[in-house]
Structures are given as C-alpha cells and as structure tokens.
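Engineer: Protein sequences appear in the order of chains A, B, C and D. At position 8 of the first sequence the residue is numbered 12 (my numbering), and the sequence of numbers has no breaks. At position 222 of the second sequence the residue is numbered 226 (my numbering), and the sequence of numbers has no breaks. At position 89 of the third sequence the residue is numbered 93 (my numbering), and the sequence of numbers has no breaks. At position 21 of the fourth sequence the residue is numbered 25 (my numbering), and the sequence of numbers has no breaks. Glycine residues also receive a C-beta, built at the ideal position from the N, C-alpha and C atoms.
Number of protein chains: 4
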Amino acid sequence: MTEEGRAKAYASLQAHGIEGLVLIGGDGTFRGANIFFKQYNIPAVGLPGTIDKDLSGTDFTIGFDTAVNTAVEAIDKIRDTAEAHDRIFVVEVMGRDAGYIALNSGIACGAEDILIPEIETDIEALLEQIARDERRKKNVHIIVVAEGDDFGGAIDVSNKIMERFQHLTVRASVLGHIQRGGAPSYADRVLASRLGYAAVTALIEGKTQVMAGIVHDEVVYTPFEQVIKGTTPISRDMQEMIKVLAS
Amino acid sequence: MTEEGRAKAYASLQAHGIEGLVLIGGDGTFRGANIFFKQYNIPAVGLPGTIDKDLSGTDFTIGFDTAVNTAVEAIDKIRDTAEAHDRIFVVEVMGRDAGYIALNSGIACGAEDILIPEIETDIEALLEQIARDERRKKNVHIIVVAEGDDFGGAIDVSNKIMERFQHLTVRASVLGHIQRGGAPSYADRVLASRLGYAAVTALIEGKTQVMAGIVHDEVVYTPFEQVIKGTTPISRDMQEMIKVLAS
Amino acid sequence: MTEEGRAKAYASLQAHGIEGLVLIGGDGTFRGANIFFKQYNIPAVGLPGTIDKDLSGTDFTIGFDTAVNTAVEAIDKIRDTAEAHDRIFVVEVMGRDAGYIALNSGIACGAEDILIPEIETDIEALLEQIARDERRKKNVHIIVVAEGDDFGGAIDVSNKIMERFQHLTVRASVLGHIQRGGAPSYADRVLASRLGYAAVTALIEGKTQVMAGIVHDEVVYTPFEQVIKGTTPISRDMQEMIKVLAS
Amino acid sequence: MTEEGRAKAYASLQAHGIEGLVLIGGDGTFRGANIFFKQYNIPAVGLPGTIDKDLSGTDFTIGFDTAVNTAVEAIDKIRDTAEAHDRIFVVEVMGRDAGYIALNSGIACGAEDILIPEIETDIEALLEQIARDERRKKNVHIIVVAEGDDFGGAIDVSNKIMERFQHLTVRASVLGHIQRGGAPSYADRVLASRLGYAAVTALIEGKTQVMAGIVHDEVVYTPFEQVIKGTTPISRDMQEMIKVLAS
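#1: Using a Cβ-Cβ cut-off of less than 9 Å, list which residues of the region 181 to 193 of chain A approach chain C; keep chain order.
#2: Drop a sphere of 10 angstroms on the beta-carbon of residue 202 of chain C, count the other beta-carbons inside from all chains shown, and report buried for 16 or more, exposed for fewer.
#3: Just checking: is the beta-carbon of residue 1 of chain A within a distance shorter than 8 Å of some beta-carbon in chain C?
#4: On a CA-only basis, which of A:25, A:37 and A:23 is nearest residue 6 of chain A? Give me that one, please.
#5: Indicate whether the contact test is met: 3 or more Cβ pairs, each with one atom in the region 137 to 152 of chain D and one in the region 161 to 176 of chain D, closer than 8 Å.
#6: Taking 8 Å as the CB-CB cut-off, is residue 111 of chain C touching chain A?
#7: In angstroms with no decimal places, state the Cα-to-Cα distance between residue 21 of chain C and residue 96 of chain A.
#8: Which same chain residues, not among the five before or five after residue 138 of chain B, have their C-beta less than 8 Å away from its C-beta?
#9: Between the region 71 to 86 of chain A and chain B, which residues of the former have a C-beta closer than 9 Å to a C-beta of the latter?
#10: Looking only at its chain, what residues have a beta carbon closer than 8 Å to the beta carbon of residue 200 of chain D, apart from the 5 residues adjacent to it on each side?
#11: Residue 98 of chain B CB to nearest chain D CB: under 8 Å?
#12: Residues in the same chain with beta-carbon distance under 8 Å from residue 101 of chain B, minus the five sequence neighbours each way, listed in chain order, please.
#13: Are residue 176 of chain C and residue 94 of chain C closer than 8 Å when you measure CB to CB?
#14: Name the residues in the region 213 to 232 of chain C whose C-beta lies less than 8 Å from a C-beta of chain A; which are they?
#15: 8 Å is my cut-off, CB to CB: does residue 201 of chain A come that close to chain C?
#16: Would you kindly check if the distance between the Cβ of residue 69 of chain C and the Cβ of residue 197 of chain C is under 8 Å?
#17: For residue 204 of chain D and residue 39 of chain D, I'd like the C-alpha separation in whole angstroms.
#18: Based on the DSSP output, what are the partners of residue 215 of chain C in its beta bridges?
#19: Can you list, in chain order, the residues of its chain with a C-beta nearer than 7 Å to that of residue 195 of chain D? Leave out the 5 residues immediately preceding and following it.
#20: So with CB distances below 9 Å, who are the chain B contacts of residue 38 of chain D?
#21: With 16 other CB atoms within 10 Å as the buried threshold, where does residue 71 of chain B fall?
#22: Pick helix, strand or coil for residue 174 of chain A, following the three-state DSSP scheme.
#23: At which residues does the alpha helix (DSSP H) containing residue 120 of chain C begin and terminate?
#24: Chain C beta carbons: is any one of them nearer than 8 Å to that of residue 56 of chain A?
#25: So residue 177 of chain D contacts chain C; which residues on that side make the cut at Cβ distance below 7 Å?
#26: Cβ closer than 9 Å: which chain C residues qualify as neighbours of residue 69 of chain A?
#27: In whole angstroms, give me the CA-to-CA distance for residue 220 of chain C and residue 239 of chain A.
#28: Against chain D, does residue 60 of chain B count as a neighbour if the rule is that its beta carbon must be under 8 Å from one of theirs?
#29: Taking Cβ positions, are residue 215 of chain B and residue 41 of chain B nearer each other than 8 Å?
#30: To test your reading of the DSSP string, which unbroken beta strand (DSSP E) runs of 3 or more residues are found completely within the region 9 to 93 of chain B?
#31: Going by DSSP, name the residue or residues bridged to residue 102 of chain C.
#32: Is there a C-beta anywhere in chain D that falls below 8 Å from the one on residue 117 of chain B?
#33: What residues are listed by DSSP as bridge partners for residue 145 of chain D?
Shown next, in the form of structure tokens:
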C-alpha cells in the first residue's frame, strides 16, 4: 500500500527468485496490487475468486458454486423444520452487493420469496402474500434474502413480518460463514484448475496484468483495469421466475 | 388438554378403529398424554424423540446423532474460514437444558472451548486463555456454546470477548434450525427402527404407558412416570477433556 | 411405438384433458415421441435430461452436475484409502458415449489419468507413466475411466496394469448407479426450474416440437429433429490439461 | 516380524526418544506387535481401529460409524434409481467376517434382505420372496450383502437371481473402498478423542499392553491377549428384525 511496503515486497520476491505472480481475488485485489506490479514490472495474472459471482470478464467465479450448494443444503434442512411446524423462515445468505447466491439458492429450494439488491424490495407485496397464504392455510413460507438487500437482512425482514402478524411464528436464520467453507464442488475445482492452467500459460506467453476468466466455456483474458464489479445482469427468465414465485 | 378435548380425541380414535398409540417425544409429551391414556384406557408406548439426548431410560434419543453430525459439518466449514482469516468464532448449537450437542460437536471439531449448562462457565478463564493464545500468535479460536449455557448464548459470549479485546475480529454464529433437518444418520435410523419394532412388540404383548429405550444395546421399557429429563450424567473422561482443551 | 399404442395414448390424453406435454430425456426420447406428437398434433416441449451432457442445443443437461459431484465425493474417499495404502485405483464412472463425467470428475479429483471415449486411449503410455512413478516412489495413482472408453472399463484397465506390474496392488471400482441418485445440486435444480419455466412459456406461446436448452445463460429452443447426441466438443484447454496430468 | 527387524525398530525408537507407543488396529495388530513390546519392555496402548466393529473389549471401533453412514448414503442413492426403474439391486458392503456394516446399513435403508456371515443365508427363501413380490407387482428390491457372507458376494447373489428370474433386471453394486474414506462422523471423532485421551492417561499411569475401549459409555482397558475378534453377538431384537424384513 505504501511506497516503502512495495519496495519491501519487491525485495522479498527477488530474494525468493519469484518471477511472476498469480493472485486470486476480486476487482479491488487486482486494482490495488496493480500499482505494485506496474512500478516494478512484475508479470501477474489474476483469478476471479469471490463467492458473489459479480465480476465482469468471467461467467463464473471460484467459490460461488460451492457457496450456493452449501446454502441450498442448509435451506433444505430449515424447510424440513418449517414443514413440521408451520412456520415462516427468513434465511439470510451472503451477497453484500450481489444477489446471485440468494437468487440461485432461493430458486433451487423453491423459496416463496427472494429478496436481492438488484431488485427493489416491495415489502408490502410480501406482507400481502403472507396474508393471502394464511387465508388459504399455507403457513410454510421460506424467504431467502441477500445480506445486502435494500430493505435489510433477515432480522429486519422477520421483525417487519412479526410486527404485522403477531400470531405467526417467524424465525430468522443468518447462514453466515458456513458458506465460505467445506469441500469445494466439482464445478469450483474444475474452474480453479482451468483458470490456474490458463494463468500459468499466460505467464509463459508473456501476458500480464490480466484476469483469466471463462466466458462461454472458453478462456478469456481481461486487463485488470477493465475488471469491474457488479455489472453481470440477471438473466431475463430468472427475473421473471422471482415474480412468479412471489404470486 | 381439556376434558372436552380428550373426549373428542377418544371419539376420533374409536372412529378410526385405532387400538393403540405410539408417540414420539420427550418427558413432557409422555406425561401430558398420559392423563388421556389412563382415563380412556388406551394402550400407548413412547419413543424418545429429542435432539437433546437428556432423557432417562435410554442411552440415545432419536435425532441426536443427526443433529450433532449437522453441527459438526457446519463448524468444520466455519473453521475453514477462521483458519483463512485468523478469527475467533463463537458457535451456538442447540441444547436449552443439556449440553450434549455442544459437548460432542465441540470435541469432534477440536473446539478450543466448550460452554455447557452442566458446567458453570468461567468467562474470566476463557478471556485469559484468549489473551494467552494471542501472545503466542494463535488467533484461531472456536468456542462452541450450548444455547442454554448459564453465561448466555453466542451473542453474549462474543460481545464479552469484543469488549475485552477490541482489536480482535470475533464472529458469532447461531446454527439454529438446520440442526433439526436433513437426512438422518444411520444411527438415528437404526435407533428409530429398533424402537419402533420394540413399541409394536410391546403393544402386542400388552405393555402400555411405557417408553421404549436402548440401554447397553438392549431394549428396555420405562414407565412414563419414571422418564425424567436431564439426569444423564456426563462421562467423567469427557468432563476432563473439556478442561484439557481449555488450557 | 405401434399405431395402436399411439391411438391409446392419445385417447388417454384426451380423457384427462391434457393439452400439451413436457418430456424429459435425450435425443432418442424426443425423436421417438415425435412421431406420436406429429400424428395427433400434440403440443410438446422437451427438456434435456441426461447425466451424460452430450446433447446439442444446450450447454448443460439436467442431472449432469449432480452426477459429477457424486462421482467426485466417491473418488475423494477412494483417494483417502489410496494415500493410506500406496495403491493404484481405477475408478469407472458413467458415460457410455461421452467422457464429460470422467473428464470433470477426474480433473476435480486430480486424477493421474483420465480415459474417455473422445480421445483414443494409449494404454502403453499409461503403463510407462506408472513405471516412471514407481521409480520415483510415487505409488498413489488414480485413473478415472468412462464406462464407454475405447480401451474398456475399470476391470479391463486394472487387469492390464496387474498383468504388467504383478507386485503392485491395483483396485478397480465401478461407481455405478449411485451416480443417478441423491439430492440434486443447486445447478441442476436451477437448470430444471429455468427449463421447466421455459417449457411452459413455450407451450403458452404456441411453440411445439422443440427442446428448451440454456446456451450462454439464455434460453434457446431447438427443433426435436436437430437435437443431436454427442456433438459437444471438449474445450481445447481441458484437452491439454488431460495431457499435462498424464505426464 | 523378525528378530533383526525388532532390534532395528527398537533402535529407531531409542534414537527418537520415544518412550511409549499408541497403536491403532485390530486384534492381529495388537498380538503381532506385542512380541516386540514384551521383548524390549516398551509401554504400549492400543486403540480399536477397524471398520468391522468386531473386537471384544469395546462397544464401538474407530471408523465403523463413518463407514456405515457412507454405505447408507450410497444405498439411498441406489434406491432412488431402483424406484425410478423397477429393479432389483444387490449391494455389497464391507465386512469379511462380520455383518455389522451390512446389518446396520441394511436396516437404516429399509433393505428387503440383509445377508450376513453370522446368519446362514437361505437363498431359496430369498428367491421365493422375490417371486412373491413379483406377483404383487413390487419390483423394487434392495438386498444388502456383507462381502464375507457364506453364500457369496453381490455378484454371486445377483447371478443366482438372474438365473431364476431371467426377465428381471438385477444389478450388483460393490461399494468397495469408498467405505474407508471421507470426513469422519462426530461419533468416530469423539470416540477417537476419548480413546486417545485414555491411551495417554494410561501410559502416564503406567498401564501397558492393553487396548483402551468404551464399554457402556465408560473407558475400559483390556490386555492385548484378551482382545478377540468376532465375538460380539448381534442383539436379539436386530436378529428378529432381519427376519421380519425378509417376509
């Protein structure tokens, strides 16, 4: 970060005979380190490593698939309880700026509602749906909410529901850091293997200051400056599905 | 619960030609229903169904093994994160009056501290241990706490740590209802099969108002009145192990 | 299949008031049923349901992701044993005509060799590699083979190795039907939800005799006649990776 | 094994300053090593480590619980396939001399038949049951067989069934070495922790040439000479359950 720190880091690379770097992270990681790479002319290739899947230049990011599967397993278990006890559960999954984990785990688990930062939350519509469900005796209701949703997290949503429906049992569950651990799924392992191979190939071929990504099943390289967070649009059909679920 | 309710329930059993009942639950379930069984002379056998494993008359209760395995899988995932980021995690598992889930999941995951209702929590000793660990640069610290611990839950414990060590990153995680769902472990399935078989056998043989349990790998029957919650002592060696872990 | 059978099937649809069909399967399913749909003018949309992922008109098929994750979990467990005992394991995964499951599970598990129908198996090269590994004291060797590989299945490969290296312990393991069961992964559930939604939308819009698929994250419809098996090429970088692993 | 080998092993222990040993294995391991321990007067404590659970002096052996859970997960997946296709599956699980894995995984999965070494297999009765099932249109049939069953393994059983019922689809599945790997269950981890703690305690207290085991939830020590394989009887109620399942 500081001039002095960069000098020290470079000396350390020299001392260990390191000629190139592969770094894993998001847009911030790449841009932050890039000052250093440029100043000392160090070959460097980046890999998209974020569970949020919100980077340009790649269809997938390392960790996303595993995180969603972990969330799905947890929500499945919560549904078992919900069905045994007729309850409303609000489950918060990771995603500070992006709703991909919420969107995919919610659709996978047949959530009644999915609240994500990319779509403005209409809390009144949600409350009306609960009222409607109650009238037709359907009291199992799973709401999946991204931690960065504009209305708030699981606690905020469940408080709002309890305020309106004081006789209903509402539980908030924040899945938290379990989403960052566990044995990686095959898709994440294959992705990491392909991108790792692509990074080494790139360094050998003299490519530098680029992120390796997979777009339409082929490797592509994007300059660090052009890797931007949060621009991946949600597919049109998935946007429609959210609306259909919530009606 | 009421005289009228019991009459209605009995009429319903008569209408469906039901001659005996098998009920799954804890001491409260058995005692509550027993008034009804006695009044109407209904043969009934109980199965110990509580994830807390705190019933007399049986070495295991249906659901406990699955719940602990679920907690262990979650804590393993949290440890992955803790190790990547040098953090203190306080994980709350189920157990309002009993610490068996905390004790077993904590030992299974190599938790640095395990806080359970059966042993008075010495929070000062825990804080001193964290200070000691910090001096020797060991900053990964997993604390497993039963929801019914005398000091409080995960939020209380993490608040106390953060108050003392303001520079450390401390995360609280409440596992919650995922512990009540999921595919049952073999041990729970075999237990449920054995006890279900024992219940039917008992009813055929005319036994009634008893809970079927497994003690030392054999089926035993305990009268409902004698099924008591929370009397199973923690094995001496496991008590010692908690102390060794925390030092 | 017969004229009479089709007439009966049509009568049955009429009797139940069924106005359109959604069918899940492979190219054979679609083509076989198409005679019937055309004859009786029945609106029908197909979904790609094969664990082999070898259909044109879609990037993914329902079941593939789950099957590969199941294979990976099994191979991970086998590797635990191999590492404890210094052994060669030949693991056969599904894939009669296509090597996608073998390719992806093999790369995900760091298999030393991957044998697939799409690439001619050079058994001599494999035997030489084992000899080389043995000289440098590396005796853990996992070979993943697709059931439809041109050289043969796991039994054939392990027999060949044992014939050459009579002092080595070689085990063949045929994963078999576990690959067709289990809780589906999030990716398979989301895929099935998206395609199911696309099928219903298509029927409403009057599209018929087409398979709904996902290509580059968007829904596309391919006429049944054009859905062809086994034409998806293996990405260039993955072909190279197989060679690198085996050297 | 040889006089010379033992001398070398002792020198190695001396060189590393090792004063006592903890070994994990079965009765053969303990007895084999005991010659060495006695000759050189080396303190040694054994832990029961066999997935077969057939050692005296302990209610559980390390690895058994995990192995059965792994078998159950696999058989569950096979049942998914069997139910989709109306098939007979013969699944072979580990257990050369003992049927505990087959017995427990079979009951846990609701197997129609369980074949174990401890009970003589009546293959004619099994074939008659299949004929009976076929008459009442029940064609899903899971048979769990221990590898050491007196009639033979999965291949033998499935061949016998196909010989008699040539129109039925019968599949044999040998689970094999997946049963020896994977993340250990909580019960195995706690068992290993308790026994490890007991072994260290024993060495400190001067106990030697004993195996530490858990009997009725308390630690017990059994001299190596008295640790005998294959004497644990199958509980009476589980024997009866096998018969009930198969009728």
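Structural biologist: So, from the listed chains and residues:
#1: 187, 188, 189, 190, 191, 192 and 193: these are the residues of the region 181 to 193 of chain A whose beta carbon lies less than 9 Å from some beta carbon of chain C, given in chain order.
#2: Here residue 202 of chain C is buried: its Cβ has 16 or more other Cβ atoms, across all protein chains shown, within 10 Å.
#3: Residue 1 of chain A lies beyond the stretch modelled for chain A, which goes from 5 to 251, so this question has no answer here.
#4: The residue with the shortest Cα to Cα distance from residue 6 of chain A is A:37.
#5: At 8 Å Cβ cutoff, the stretches touch.
#6: With 8 Å as the cut-off, residue 111 of chain C counts as an interface residue toward chain A.
#7: Those two C-alpha atoms are separated by around 42 Å.
#8: Take residue 138 of chain B, set aside five residues on each side of it, and the residues of its chain with a beta-carbon closer than 8 Å to its own are 169 and 172, in chain order.
#9: Of all residues in the region 71 to 86 of chain A, 74, 77, 78, 79, 80, 81, 82, 83, 84, 85 and 86 have a Cβ within less than 9 Å of some Cβ in chain B.
#10: For residue 200 of chain D, where only same-chain residues beyond five positions count, the Cβ hits under 8 Å are 26 and 51.
#11: Chain D, which has no Cβ nearer than 8 Å to the Cβ of residue 98 of chain B, makes this no.
#12: Residues 56, 58, 121, 152, 233 and 234 of the same chain have their beta carbon placed closer than 8 Å to that of residue 101 of chain B, with the five preceding and five following residues left out of the count.
#13: Going by C-beta atoms, residue 176 of chain C is nearer than 8 Å to residue 94 of chain C.
#14: For the region 213 to 232 of chain C, the set of residues with a beta-carbon nearer than 8 Å to any beta-carbon of chain A comprises 220, 221, 222 and 223, in chain order.
#15: So, interface residue.
#16: No, Cβ-Cβ distance for residue 197 of chain C and residue 69 of chain C is not below 8 Å.
#17: Going from the Cα of residue 204 of chain D to the Cα of residue 39 of chain D covers about 21 Å.
#18: Under DSSP, residue 215 of chain C takes part in a beta bridge, and its partners are C:50 and C:226.
#19: These residues qualify, in order along the chain: 64, 66 and 218.
#20: Ordered by position in chain B, no residue passes the 9 Å Cβ test against residue 38 of chain D, which lies about 25 Å from the chain.
#21: Buried, by the Cβ-count rule.
#22: The answer is strand: DSSP assigns residue 174 of chain A an E or B state.
#23: Unbroken run through residue 120 of chain C: none, as it is neither H nor E.
#24: Judged by the 8 Å Cβ criterion, residue 56 of chain A is not in contact with chain C.
#25: Neighbours of residue 177 of chain D on chain C, chain order: 180 and 181.
#26: Neighbours of residue 69 of chain A on chain C, chain order: 69, 189, 190 and 191.
#27: Rounded to whole angstroms, residue 220 of chain C to residue 239 of chain A spans 10 Å at the Cα level.
#28: So no, residue 60 of chain B is outside the interface.
#29: Between residue 215 of chain B and residue 41 of chain B, the gap from beta carbon to beta carbon reaches 8 Å or more.
#30: The region 9 to 93 of chain B contains these whole beta strand (DSSP E) runs: 25 to 29 and 48 to 52.
#31: Answer is none; residue 102 of chain C lacks a bridge partner.
#32: Closer than 8 Å: no.
#33: Per DSSP, D:92.
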